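A.B. asks: This is the structure I want to talk about, given as structure tokens.
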Amino acid sequence: MFSTRHCLASIGAAALLWSASGLASPEAIKLRTQVFQEQEVVGADGVRRVQRVPASNVTSGSEVIYEVGYSNTGPKPFQIIITNPLPSDLIYQSNAARSVGAQLEFSVDGGQTFGPLTSKRVRGLDGQLRAAQYSDITHVRWKTARAIKPGEAGYVSLRARVR
361 MFSTRHCLAS IGAAALLWSA SGLASPEAIK LRTQVFQEQE VVGADGVRRV
411 QRVPASNVTS GSEVIYEVGY SNTGPKPFQI IITNPLPSDL IYQSNAARSV
461 GAQLEFSVDG GQTFGPLTSK RVRGLDGQLR AAQYSDITHV RWKTARAIKP
511 GEAGYVSLRA RVR
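Every number in our numbering is 360 more than the matching position in the sequence shown, counting from 1.
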């Protein structure tokens, strides 16, 4: 069994902040990472709905949703870059990242380089280069498309399946 404590300990958000005058102060950003699972609930009206609930215990094959909220608590606007390492216990799910107002990039080399997954290549078991797949992703990175003003907030998220 894969515990939520392990999930939370294994995946974290690192934020890089740029202001017009250079690197912003680390105190200028507030990050909050949460891990969810979806479960189906039946309302009093008999209608089935999917609801996000905090992940408690997840097992192999389960899907989890990582959400990283951010807010600019500083005095200047700045661009935010959030980098999430993806633990080897998790496989990124196709088209599963929300990046409203942010550019999404992937790394398959431990966070050394980033770009679209279609541009990434890895060595297969036979030693030959092949196109990277979702299971090769080691990091996910979001870059806000514009500077985030003081007091503004947003979030990014991704879905992953437990191996």
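Yeah, the Cβ is synthetic: ideal placement off N, Cα and C, and Gly gets one too. Small disclaimer: the values here were computed from a predicted structure and weren't measured.
Can you give me the start and stop residues for the beta strand (DSSP E) that F474 sits inside?
C.D. replies: Residue numbering aside, residue 474 sits at position 114 when the sequence shown is read from its first letter. No beta strand (DSSP E) holds F474; DSSP gives it neither H nor E.
A.B. asks: Mind checking A404: buried by the 16 CB within 10 Å criterion, or exposed?
C.D. replies: Position 44 of the sequence shown holds residue 404. When all chains shown are included, A404 counts as exposed.
A.B. asks: Please say whether A505 and L446 have beta carbons closer to each other than 9 Å?
C.D. replies: By one-based count along the sequence shown, residue 446 stands at place 86. By one-based count along the sequence shown, residue 505 stands at place 145. Taking 9 Å as the Cβ cut-off, L446 and A505 do not qualify as a contacting pair.
A.B. asks: Distance, Cα to Cα, N444 vs S467?
C.D. replies: One-based indexing of the sequence shown puts residue 444 at position 84. One-based indexing of the sequence shown puts residue 467 at position 107. Rounded to the nearest angstrom, the two C-alpha atoms are 10 Å apart.
A.B. asks: At the level of alpha carbons, what is the spacing between R409 and Q439?
C.D. replies: Here residue 409 refers to the residue found at position 49 of the sequence shown. Here residue 439 refers to the residue found at position 79 of the sequence shown. Looking at the two C-alpha atoms, the distance is approximately 36 Å.
A.B. asks: I'd like the list of long-range same chain contacts for S517, defined as Cβ closer than 8 Å, with 5 residues on each side in sequence excluded.
C.D. replies: Looking up residue 517 in the sequence shown gives position 157. Contacts found: I425, Y426, E427, V428, A457 and R458.
A.B. asks: Quick one: using the 10 Å Cβ neighbour count with 16 as the cut-off for buried, is V460 buried or exposed?
C.D. replies: The residue labelled residue 460 in the question sits at position 100 within the sequence shown. Exposed, by the Cβ-count rule.
A.B. asks: Could you have a look at S479 and say whether DSSP puts it in helix, strand or coil?
C.D. replies: Residue 479 sits at position 119 when you count from the first residue of the sequence shown. It is helical.
A.B. asks: Below 8 Å CB to CB, which residues in the same chain sit around S422 once its five sequence neighbours on both sides are set aside?
C.D. replies: As a working note, residue 422 is residue 62 in the sequence shown. Taken in chain order, the residues that qualify are F362, Q397, R521 and V522.
A.B. asks: Given a threshold of 16 other Cβ atoms within 10 Å of its Cβ, counted over all protein chains shown, does A415 qualify as buried or as exposed?
C.D. replies: Here residue 415 corresponds to residue number 55 of the sequence shown, with the count starting at 1. It is buried - the Cβ of A415 has at least 16 other Cβ atoms within 10 Å.
A.B. asks: Just to confirm the assignment, what range does the beta strand (DSSP E) spanning G511 have?
C.D. replies: Residue mapping note: residue 511 aligns to position 151 of the sequence shown, counting from 1. No beta strand (DSSP E) holds G511; DSSP gives it neither H nor E.
A.B. asks: Where do the ends of the beta strand (DSSP E) carrying L450 lie?
C.D. replies: Mapped onto the sequence shown, residue 450 falls at position 90. Note, L450: beta strand (DSSP E), L450 to Y452.
A.B. asks: For K480, count the other beta carbons within 10 Å of its own beta carbon; 16 or more makes it buried, fewer makes it exposed. Which is it?
C.D. replies: Translated into positions along the sequence shown, residue 480 becomes position 120. When all chains shown are included, K480 counts as buried.
A.B. asks: Count the other CB atoms, across all protein chains shown, that sit within 10 Å of the CB of A492; report buried if there are 16 or more and exposed otherwise.
C.D. replies: Stepping through the sequence shown from its first residue, residue 492 is reached at position 132. Its Cβ being crowded by 16 or more others within 10 Å, A492 is buried.
A.B. asks: Considering only heavy atoms of the ligand HEM, does any lie closer than 8 Å to the CB of W502?
C.D. replies: Ligands displayed in this structure: none; no statement on the ligand HEM is therefore possible.
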